[in-house]
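Accompanying notes for the structure given below.
Chains as they are written, first to last, in UniProt numbering: chain A, 1 to 395; chain B, 1 to 395.
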């Protein structure tokens, strides 16, 4: 009796979900310490100490009605004002309290934007490989997600493919850098090419095409500058989450922000405010909002992720695997040793290595290695990866 | 550039939102203490002390990765198991961990159910007057909300109108008792009549019609038993929120629960789990889930609401107003003194009384008085209500 639309997507999704279930099952059989589970995106680095301190402080000092009562749908004004200040200081922007909307994580912000911008069959374009839930977010409001395949040698956006993916019905482009699943940070050159095309297409179509920049991994970039998209494109909506920056993914807290010169600014804000209500969000969790008065500019110790990345990247390339050097997030994209990445993942399981097949992310022929694991696990997995490699090359 | 669908609903909704904005404006002009604002549904009674204590305790004792990391989409198993126990103890049910799903408040649960059950143009029926957001929740997934008007003398469901509202396309019925906006608690007789019709219609149509019982006000009932819907109807999904029971509306924490004998139980759970992801919720805020290990069975001191209700109900009926005695929630439904309830609310404003027009809730000719205000405010408002009454009767 469940909706036909949903039934269809559940049946399609089954093979992907299986992989995650498999990790739990194998942990039960062999013990979690005896398998190399690279499928999980749950941050392993502890939140900065100030997070716990601030939770306690807010619970001790803010009156219950202010702390736990209904804030405005768009969030507490003091928190939004503080985040606008943080953004303006960091990027020299023109953000105001009004243009910062607190959201129940980045996923919520994206669905709210879909609900605000898409009528039935309207389109959003994203660069593939991409986080698989994007398709569901757009589909929830009967929109259509159009993928623009990246150059699979560099994992950077490909201008020609991108331009071909745009149409009169494109309402927004969803960009995610540092990227899940590839770990790529899109270069300034890529951003300039993408935004130049968008500016041209906006003129051609005579309506805005928003650039929605999904940035949960911005704080996780290693020795590299992540271009700040609003510097390149006026109609940018930045979507942020503290899930990775503060290791708080279970707390569902983030924001979306736009500067006052974004086209149809007031309408967009009204639409997003209504979407927060219509989708049942009501407001981002109030206590989690309040801690951002002290924690908005903080981040976890990313040197731990960097160390694990180096162990894996160096180790895997030394064995002979083809990997694109990941400059951000905690994902490494590696070429499978056969065309069928699902089968490659199955074979890897025999060595107790669990990875997510690239096909799940619209990146067939590759696999995603999520390295938010203790660095000792990464180190210990290398002999298993070597066995796996030999299995294919000794054939 | 916002979606046409949304633009239409924003334009329709403008007059209702104006009323809430008006409250803020009048508070700025006259001072909040000089107006009688009965439009707000923000609980005024403090959370029980154990809530704050438990927040501190969880922050001190649960490891950060368990407390702040990703739980399963459906929530922490220990919390769900505890809530199942609480329900089974209270109502003698057969709830299991699997059948309890933690949600980002009751609103989220309802949208998740809509997303799970409704294909385009499928129908949900609810009893009018009803909480206005219901229409938006159903509309978000392109479903249709069909109102069944209550008997407006008793504010109880009317069996004939209800039966006429059902159709082959009815996927679920949304029931809300104690009710927002009327404060009515649907009697056992009402529930039996409604569920008897549903059982007959399920047979006639050959498919389940779920009864979704939205119960955020269950803990706020005064000297009256609120019938437990699953006792009367097998295919019941109970939706709960701690917003009012614990005065935590800003924290967005609740659950939905169904017993294993609900038809298509496994499919429903799979659909709801997917909907939590597709709608961008991911999971209910983790910290708020965890405090329910200690607070799930607690509730605020409702004697404060009861006192305010008595002051208003006795005072208003003594003046001459027609009110239905409200047995639950913190709302009192009062007959407007003219047919046009919008205009009646405008006239009331001249006496500094702010109320929400019944038309906003599909209850034309009535007004909603939200009495989650200090009882002194209720007391002080009575002379103003008397002036208002005289304005109409002295004409």
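Heads up, the beta-carbon is just placed ideally off N, CA and C, and yes, glycines get one too.
- Among the residues facing chain B, residue 68/A is included, as its CB has a counterpart in that chain under 9 angstroms away.
- By the Cβ-count criterion, residue 288/B is buried, with 16 or more other Cβ atoms from all chains shown falling within 10 Å of its own Cβ.
- Looking only at 128/B, 151/B, 169/B, the smallest Cα-Cα distance to residue 117/B is reached by 169/B.
- Remark: fewer than three beta-carbon pairs, one from each stretch, lie closer than 8 angstroms, so the region 328-337 of chain A and the region 276-296 of chain A are not flagged as touching.
- For residue 214/A, the enclosing beta strand (DSSP E) has its first and last residue at 210-214.
- Here residue 277/B is near residue 136/A, since their CB atoms are less than 9 angstroms apart.
- Exposure of residue 303/B is indicated by the presence of fewer than 16 other C-beta atoms within 10 angstroms of its C-beta.
- When the five nearest sequence neighbours on each side are left out, the beta carbons in the same chain lying within less than 8 angstroms of the beta carbon of residue 43/B are those of 243, 244, 247, 249, 300, 330, 372, in order along the chain.
- Nearest neighbour of residue 225/B by Cα position, chosen from 87/B, 178/B, 49/B, turns out to be 178/B.
- Residue 353/A is bridged by DSSP to 36/A.
- Interface annotation, residue 56/B: in contact with chain A, CB-CB separation under 9 angstroms.
- For residue 115/B, the closest Cβ of chain A is nearer than 9 angstroms.
- Within the region 274-296 of chain B, contact with chain A at the beta-carbon level (separation under 9 angstroms) is assigned to 274, 275, 277, 278, 279, 280, 281, 282, 283, 284, 285, 286, 287, 288, 289.
- Non-local beta-carbon contacts of residue 130/B in its own chain, meaning distances under 7 angstroms to residues more than five positions away in sequence, involve 147, 176, 361, 362 in chain order.
- The criterion of a C-beta distance shorter than 9 angstroms is not satisfied by residue 45/A and residue 256/A.
- Those residues of the region 34-51 of chain B placed with their C-beta closer than 9 angstroms to a C-beta in chain A are 40, 41, 42, 43, 44, 46, 47, 51, ordered along the chain.
- Bounds of the beta strand (DSSP E) holding residue 254/B are 254-257.
- Here DSSP, grouped into helix, strand and coil, assigns residue 370/A to strand.
- Inclusion of residue 166/A and residue 198/A in the CB contact set at 9 angstroms is warranted, their separation being smaller than that value.
- Put simply, the backbone Cα of residue 93/B is about 56 angstroms away from that of residue 94/A.
- Distance check between residue 125/A and each of 389/A, 205/A, 140/A, 163/A places 163/A closest, using alpha-carbon atoms only.
- Shown here for residue 74/B: same chain residues with a beta carbon closer than 6 angstroms to its own, the five before and five after excluded, namely 101, 273 in chain order.
- Its chain contains 208, 235 as the residues whose beta carbon lies nearer than 6 angstroms to that of residue 263/A, once the 5 sequence neighbours on both sides are disregarded; these appear in chain order.
- Per the coordinates, the alpha-carbon of residue 90/B lies some 23 angstroms from the alpha-carbon of residue 183/B.
- Within chain A, no C-beta atom comes nearer than 7 angstroms to that of residue 102/B; the closest sits roughly 11 angstroms away.
- Note on residue 290/A: 16 or more other CB atoms within 10 angstroms of its CB, so buried under the neighbour-count rule.
- In the three-state reduction of the DSSP assignment, residue 147/B falls in the strand class.
- Burial check for residue 383/B: the Cβ neighbour count within 10 Å stays below 16, so the residue is exposed.
- Within the region 134-153 of chain B, those residues whose Cβ lies closer than 8 angstroms to any Cβ of chain A are, in chain order, 136, 137, 139, 140, 141, 142.
- For residue 213/A, the closest alpha carbon among the candidates 8/A, 9/A, 317/A, 172/A is that of 172/A.
- In the structure shown, the three-state DSSP call for residue 218/A is coil.
- Within the region 240-260 of chain A, the residues whose Cβ lies closer than 7 angstroms to some Cβ of chain B are 247, 248, 249, 250, 251, 252, listed in chain order.
- Identification of residues in the region 155-178 of chain B having a C-beta nearer than 8 angstroms to some C-beta of chain A yields 171, given in sequence order.
- At least one CB of chain B lies nearer than 9 angstroms to the CB of residue 112/A.
- One alpha carbon belongs to residue 391/B, the other to residue 352/B, and they sit about 14 angstroms apart.
- Taking a C-beta distance under 9 angstroms as the contact criterion, residue 368/B and residue 38/B qualify as a contact pair.
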